[in-house]
Amino acid sequence: MSGFGHCISVSSTESELEEPASTDQEEAASTEPKFIVTTPTFPERLFARNCYPGKPRLNIYSKASIIGSLVKLLRGSPEMNCLLGSQFGALFHLPVSRCSNSAKLVHSLLSRQLVTMRLYELWFLFADKPLRFSLREFGDITGLKCEPEREKVGNGSESIDATPGRMWKELFETEDEDVTVPDVLRMLEQPSLPEWKRLPLALIALVDGLLVCGHKLLRVTPAYVEMLEDTRSFLQYPWGREAFVSTLSRLRPPQPSDPSKMDKSLSVMHLR
């Protein structure tokens, strides 16, 4: 016998191949639904697979040691109790000594970014599994307020480039803009420091030294100092959103002024 439908040889006395009787188990199996394995479709990658920028470098200006410094300087004081009872309280319970930074890990995640439309989210593809870093996770970990700002707070919240104002001059007794967070901590060490300055100085050390650090020398931001005119509003300000948006802007590639320089812009993506 020959033909495309036959795959075995039979004797000349058999006119056809008899089908074996089906069992109950086979009949039950034939009625089960068949699952089709599909590969999920993800958004486009920022960088092509296995085409990642080299020489990773991690620039971290934020100093977690500031938390320990403030605890040492303010332990048992009304100012320390105020901080612990505010949105900043959760920061003092973070296991800072076990929170190490890995440049290779961060670089690996950033190189595997997906291009998405959501403003306050970053998506990565790691081992073909999607990972998200968003405002929600940031708020859950830090305990900071992350809701949108409802109204302007203080006199300096419009621009972080504001020049020193009245609060700056009263707090630091100078018009010099070159004041750093280490300077603030040294002020808190002085026994003769007026009581009213202790809480504002501690707050600005947390914000400019830990949450929103834009300079490696940890320079104090005049706009944030002016917001300290009303410490109650300062404590209610969404510092979680402020810190997250500031961080996110440094995790993404800069927007090129010239579209023809897009590749160059991607190559200088940096992290602070």
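Read in UniProt numbering, the sequence shown has 4 at position 4, and its numbers run on one by one without any break. Note that the Cβ used here is the ideal one computed from N, Cα and C, for glycine as well.
Check: Tell me which same chain residues have a C-beta within less than 7 Å of the C-beta of Phe42, skipping the five on either side of it?
Finding: Leu114, Leu125, Pro130
Note to self: Measuring alpha carbon to alpha carbon, tell me which residue in Ser65, Gly143, Asp183 is nearest Ser97.
What the structure shows: Ser65
Item checked: Leu114 - DSSP class collapsed to helix/strand/coil -> strand
Item checked: Exposure label - Ala103; buried when at least 16 CB within 10 Å -> exposed
Note to self: Am I right that Trp239 and Lys145 are in contact with their C-beta atoms under 8 Å? What's the rounded C-beta distance?
What the structure shows: 6 Å
Next item on the list: Determine the burial state of Arg241: buried for a count of at least 16 other Cβ atoms within 10 Å of its Cβ, exposed for fewer.
Entry: buried
Notebook entry, point to check: Beta-carbon separation of Thr142 and Leu73 under 9 Å?
Noted result: no
Notebook entry, point to check: Does the Cβ-Cβ distance between Leu83 and Leu206 come in under 9 Å?
Noted result: yes
Item checked: Local Cβ density within 10 Å of Ile204, reported as buried at 16 or more and exposed below that -> buried
Checklist line | Length of the line joining the Cα atoms of Ala243 and Tyr61 | finding: 13 Å
Next item on the list: Consult DSSP for Thr41 and reduce its assignment to one of helix, strand or coil.
Entry: coil
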